[in-house]
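Novice: In the order they appear, the protein sequences are chains A and B.
My numbering puts the first residue of the first sequence at 1, with every later residue one more than the last.
My numbering puts the first residue of the second sequence at 1, with every later residue one more than the last.
Even glycine gets a Cβ: it sits at the ideal position worked out from N, Cα and C.
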Amino acid sequence: MAEEKKSKQRHRVMVFESMYPILALMLILVACVELCDAATVVDVYRLIQYDISGVPFGSRFSSLNHHAASLSFQRGADLSRSVLILPLRELDIAFVQDYISQKQSLGGLLILLPQTFRPGNVGGGSLSSENDGFRSLLGQLEKLLVHGNIPFPVYFAFENEETDAMLADVKKNDALGQQATATTGGYKLVISVSEPRKIASPTITNIQGWLPGLRAEGDSSQLPTIAVVASYDTFGAAPALSVGSDSNGSGVVALLEVARLFSVLYSNPKTRGKYNLLFALTSGGPYNYEGTQKWLKSLDQRMRESIDYAICLNSVGSWDSELLIHVSKPPDNAYIKQIFEGFSNVAEDLGFQVALKHKKINISNSRVAWEHEQFSRLRVTAATLSELSTPPELLENAGSLSDTRQLVNEDAIIKGVKLVAESLAKHIYGHQGKDIKIFADDSSLAVNPFYVRSWLDLLSQTPRVAPFLSKNEPLIMALKKELEDYTAEVSVQHESLDGSFTFYDSTKASLNIYQVASVTFDLLLLLVLGSYLIVLFSFLVITTRGLDDLISLFRRPPSRKVKMG
Amino acid sequence: MTLFHFFNCAILTFGPHAVYYSATPLSEYDTLGTSVKAAVVYLATALVKLVCLATFLQVSETEVFDPYQEALKAMIGFIDVAGLYYALAQLTHRNISQNHKFQAVGLGWAFADSVLHRLAPLWVGARGLEFTWDYVLQGLEANANLVFTISLAALGSLMWLRKNKPKSLIPIIYTCAIIIATMPSITSYLKRVMGWHFPKIVGFELVTSLVMAFISCQLFILCQRPSL
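#1: Please name the residue or residues paired with A/Lys357 in a DSSP beta bridge.
#2: When DSSP labels each residue in this structure, what does A/Asp37 get in the three-state scheme?
#3: Which stretch, first to last residue, makes up the alpha helix (DSSP H) that contains A/Ile100?
#4: Could you round the C-beta distance between A/Arg596 and A/Asp233 to whole angstroms and report it? I think they count as a contact, below 8 Å.
#5: Tell me where the beta strand (DSSP E) around B/Glu70 begins and ends.
#6: Taking Cβ to Cβ, would you say A/Glu322 is nearer than 8 Å to A/Phe352?
#7: From this set, B/Cys223, B/Thr2 and B/Val115, which residue's C-alpha is nearest B/Leu43's C-alpha?
#8: 8 Å is my cut-off, CB to CB: does A/Val33 come that close to chain B?
#9: Once the 5 residues before and after A/Ala446 are set aside, which same chain residues still bring their CB inside 7 Å of it?
#10: What residues in its chain sit with their C-beta under 7 Å from that of A/Asn121, if we drop five residues either side in the sequence?
#11: Quick one: which chain D residues come within Cβ less than 9 Å of A/Val15?
#12: So for A/His372, helix, strand or coil by DSSP?
#13: Can you give me the Cβ contacts of A/Leu214 inside the same chain, cut-off strictly under 7 Å, excluding the 5 residues immediately before and after it?
#14: Output the distance between the C-alpha atoms of A/Arg10 and B/Phe204, rounded to the nearest integer angstrom.
#15: A/Met19 by DSSP, collapsed to three states: which one?
#16: Let me know the secondary structure DSSP gives A/Ile111 once reduced to three states.
#17: Any beta-carbon of chain A closer than 8 Å to the one on B/Tyr135?
#18: Identify the contact partners of B/Val19 in chain A, using a Cβ-Cβ distance below 8 Å as the criterion.
#19: Anyone know if the C-beta pair for A/Gly399 and A/Phe235 falls short of 8 Å?
#20: Starting from A/Val316, trace the beta strand (DSSP E) in both directions and tell me its first and last residue.
#21: Quick check on A/Arg545 - is its C-beta less than 8 Å from some C-beta in chain B?
#22: Which whole runs of the beta strand (DSSP E) in the region 196-255 of chain A are 3 residues long or more, in chain order?
#23: Kindly provide the ranges of any alpha helix (DSSP H) runs that are 4 or more residues long and lie completely inside the region 126-165 of chain A, ordered along the chain.
#24: Output yes if chain B places a C-beta closer than 8 Å to the C-beta of A/Ala39; else output no.
#25: State the DSSP-derived secondary structure class of A/Asp174, mapped to helix, strand or coil.
#26: How would you list, in chain order, the residues of chain A whose beta-carbon sits under 7 Å from the beta-carbon of B/Leu206?
#27: Report the rounded CA-to-CA distance for A/His67 versus A/Gly186, giving the unit in angstroms.
#28: Which residues mark the beginning and the end of the beta strand (DSSP E) in which A/Ala68 is found?
#29: Hey, is A/Ile187's beta-carbon within less than 8 Å of any beta-carbon in chain B?
#30: Enumerate in chain order the residues of its own chain whose CB-to-CB distance from A/Val243 is below 6 Å, with the five nearest sequence positions on each side excluded.
#31: Leaving out five residues on either side along the sequence, give the residues of the same chain with a beta carbon under 6 Å from the beta carbon of B/Ala87.
#32: Considering only the beta carbon of each residue, do A/Tyr50 and A/Leu511 sit closer than 8 Å?
Here's what the structure looks like:
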């Protein structure tokens, strides 16, 4: 009886003892439960990669497989195998500049942009002063990145809860001085895409719409033509995000609205003017207006000579009280004077001002700053209507990351449309000096704000970098169809982009964020499991076969020897 | 590194079965055949259960605890018990003492259960880059399941193979057996109605399994006394 009790007690003790490893494991579990995040996937957009005459620019790599690091890393730490996560809110331009200019090696750069810069994001006009600060910072960053040769992948992403949580975690770890490597766990960022390849033959597509004027019977002479031109493609730091709402989405929308108004006027022979109208949506704008040049050269000589003047629209979406007319012919030229007077009279009626700005063309310089210069080089009188006062540099102001829908004011576009339409109508119908408003509000020819808004919204969600647009891109088809509705003849011209510009693909990717455990953790787990199994083994041997058996397991070899002896 | 994690979780899930076999006298009496037979019976039972579940159960979209569905699931769970009965009582085993028979049957049963339910998720999931605690918890659950199955086998052998039992203990034996048999329903109740997360459930299972093992061990010893 006593023996039974003893064995029962021993049994009970054994049971309790065996619970200890399990309790310990449970404690570890409870302490570390917050590490149970699943992998997250984020859309990221790559920095543009291009060559000008063989000189490389932009980010030269695309695939990424490194640990995440934040700005709070210890000075002097080696970041060549880490991806630096930079939120725009805490960006230090000088730091990035140093890193790029000193050619320090970095595994990759991930820039987090606030949600307000997302192309589809229409709302959020509040905190505009903060946004203005971000815009200027973003502009500086873009300039730095686009004109530099960066030997590591650079990606843009939009902030969301998951990236915020990850960044907070990474900052905490970095502050403790633990660099995330294979042995200390942390977050691993993986973008698995193939190496970027050159885009074989990038095409630029020009769309022109021809609205013929009223030719009297028996009159065989060519009617004069007025051209309205706008370039629709963009260029920016992240080609998948270059929606260019102001540069030049506003110009395209204005052109379409003017085309619509004149198509209504010209549909009735009684109100058809004695001028042909030529509407052209050109591509290749950021690249010295190559598309415009090729389009002009492809025009019939007679047609080109019949162009009285051309109005080019460039960025008419965010001005307030003054619009500028840029010309290359001297201001005292008779044609220029006439055009300017017409425009300024209409502007006065509408309640704002236009100013004339003259910039001489330098034939030896290949840089074409304004679209009208391409016309002037072919002896066609032209002017550019724009809110910009200084000519943009090469690849600037062509649809940067900060050029989103919120930057554009529909009313500015509507005022611009009224200006162009009324001025053209005055010239066509010969009403100069008379106080007649053809496109008055509340008339059947009023400017349609809903039309303007809907096209502006569409363009603000469509990235339009020319080398990445195929020949039958939906946007091009849509623009073509729109012009077909308003004009009599539409023709689409495909040209290939000038050889000195080379672009590389891979503009959009998915970033996988993994939370990884370190090797030391795995080793620790192995140790714990090993000891657990050993304890389990000993426990079972002791309870079922007795303690002596366990000891004999370890004493077997010597006892055999004794037996042999 | 992640294969390492897979290896860790695999030894946590399947190691105890091997350890149990080698540590106890089962290995000495070469009861592998019994365990294999029990595993085969488990496979057949699982198939039958699957067919019944597919036929009678409605899949609900949300994680709502439906008492009727749960009762149906519990009844289908008793097919498990029937399978265990068949393995214990009806199959002919070599001459091994009752003590070892239930252990071997329980071991084979639990091993088949672990392999069937846990090997595939482990292979697919634990080798990924992302680290989660899920597979470690699953391994612990496999351990608890092993203890449960052996306790159930012990109680089963008491119920069906032992003829002379003290009258007072019979209701206890039956209640314990019913509790163990309905463990799946209890855990799903905890998960859905009480909203317990996986770690808590696994902890609960481990504690309960040890308690049940202890109780069934005591019952077994008590029942062995008259035959002495």
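Specialist: According to the data block:
#1: Position 357 of the first sequence, counted from the start, is the residue given in the question as residue 357 of chain A. Beta-bridge pairing links A/Lys357 to A/His326.
#2: Taking the first sequence and counting its residues from 1, the one referred to as residue 37 of chain A is at position 37. Bear in mind that the predicted position of A/Asp37 carries a pLDDT of just 36, short of 50, making it unreliable; the figure below should be weighed with that in mind. A/Asp37 sits in coil when the DSSP states are folded into three classes, being neither helix nor strand.
#3: Taking the first residue of the first sequence as 1, we reach residue 100 of chain A at position 100. Looking at the DSSP string, the run of the alpha helix (DSSP H) that includes A/Ile100 is Ile93 to Ser101.
#4: A question about residue 596 of chain A goes unanswered here, because the residues of chain A that appear run from 1 up to 565.
#5: By one-based count along the second sequence, residue 70 of chain B stands at place 70. Taken as a continuous stretch (DSSP letters only), B/Glu70 belongs to no beta strand (DSSP E), being part of the alpha helix (DSSP H) at Pro67 to Tyr85.
#6: For this step, residue 322 of chain A is matched to residue 322 along the first sequence. For this step, residue 352 of chain A is matched to residue 352 along the first sequence. Cβ atoms of A/Glu322 and A/Phe352: closer than 8 Å.
#7: Residue numbering aside, residue 43 of chain B sits at position 43 when the second sequence is read from its first letter. B/Leu43 has its Cα closest to that of B/Val115, out of B/Cys223, B/Thr2 and B/Val115.
#8: In the first sequence, counting from the first residue as 1, residue 33 of chain A sits at position 33. Below a pLDDT of 50, predicted positions are generally treated as unreliable, and A/Val33, at 35, falls in that range; the measurement from the model is reported next regardless. Yes, contact with chain B.
#9: As a position in the first sequence, residue 446 of chain A is number 446, starting the count at 1. These residues qualify, in order along the chain: Phe439 and Ala440.
#10: In the first sequence, residue 121 of chain A corresponds to position 121, counting from 1. Closer than 7 Å at Cβ, skipping near neighbours: Gln115.
#11: The structure shown contains no chain D; its protein chains are A and B.
#12: Position 372 of the first sequence, counted from the first residue, corresponds to residue 372 of chain A. Here A/His372 carries a helix assignment [DSSP, helix/strand/coil].
#13: Taking the first residue of the first sequence as 1, we reach residue 214 of chain A at position 214. So the list reads Pro269, Arg272, Gly273 and Lys274, once near-sequence residues are dropped.
#14: Along the first sequence, read from residue 1 onward, the residue named residue 10 of chain A stands at position 10. Along the second sequence, read from residue 1 onward, the residue named residue 204 of chain B stands at position 204. Taking the straight line from one Cα to the other gives about 25 Å.
#15: In the first sequence, counting from the first residue as 1, residue 19 of chain A sits at position 19. Correct three-state label for A/Met19: helix.
#16: The residue labelled residue 111 of chain A in the question sits at position 111 within the first sequence. If DSSP states are grouped into helix, strand and coil, A/Ile111 belongs with the strands.
#17: Counted from its first residue, the second sequence places residue 135 of chain B at position 135. False, the Cβ-Cβ gap to chain A never drops below 8 Å.
#18: In the second sequence, residue 19 of chain B corresponds to position 19, counting from 1. Simply Leu533, Leu536, Phe537 and Leu540.
#19: If you number the first sequence from 1, residue 399 of chain A lands on position 399. If you number the first sequence from 1, residue 235 of chain A lands on position 235. Cβ atoms of A/Gly399 and A/Phe235: closer than 8 Å.
#20: Indexing the first sequence from 1 puts residue 316 of chain A at position 316. Premise fails: A/Val316 is in no beta strand (DSSP E) and is neither H nor E.
#21: Numbered from 1 along the first sequence, position 545 holds the residue referred to as residue 545 of chain A. At least one CB of chain B lies nearer than 8 Å to the CB of A/Arg545.
#22: Complete beta strand (DSSP E) runs here, min 3: 203-211 and 225-231.
#23: Counting only runs of 4 or more, we get 128-146.
#24: The sequence position of residue 39 of chain A within the first sequence is 39, counting from 1. Closer than 8 Å to some Cβ of chain B, the Cβ of A/Ala39 qualifies, so yes.
#25: As a working note, residue 174 of chain A is residue 174 in the first sequence. In this structure, A/Asp174 counts as helix in the three-state DSSP scheme.
#26: Taking the second sequence and counting its residues from 1, the one referred to as residue 206 of chain B is at position 206. The answer, in chain order, is Ile22.
#27: Counted from its first residue, the first sequence places residue 67 of chain A at position 67. Counted from its first residue, the first sequence places residue 186 of chain A at position 186. In a straight line, the C-alpha of A/His67 is about 7 Å away from that of A/Gly186.
#28: In the first sequence, the residue the question calls residue 68 of chain A occupies position 68. Unbroken beta strand (DSSP E) run through A/Ala68: Leu64 to Ala69.
#29: For the purposes of this step, residue 187 of chain A is taken as the residue at position 187 of the first sequence. The question names Ile, yet the displayed sequence has Tyr at residue 187 of chain A. Taking Cβ atoms only, chain B never reaches closer than 8 Å to A/Tyr187, which makes this a no.
#30: Residue mapping note: residue 243 of chain A aligns to position 243 of the first sequence, counting from 1. So the list reads Pro119, Ser460 and Pro463, once near-sequence residues are dropped.
#31: Stepping through the second sequence from its first residue, residue 87 of chain B is reached at position 87. Excluding five sequence positions before and after B/Ala87, the CB atoms of its chain that fall closer than 6 Å to its own CB belong to Ala38, Val41 and Val105, given in chain order.
#32: Counted from its first residue, the first sequence places residue 50 of chain A at position 50. Counted from its first residue, the first sequence places residue 511 of chain A at position 511. Cβ distance not < 8 Å, so A/Tyr50 and A/Leu511 don't count as in contact.
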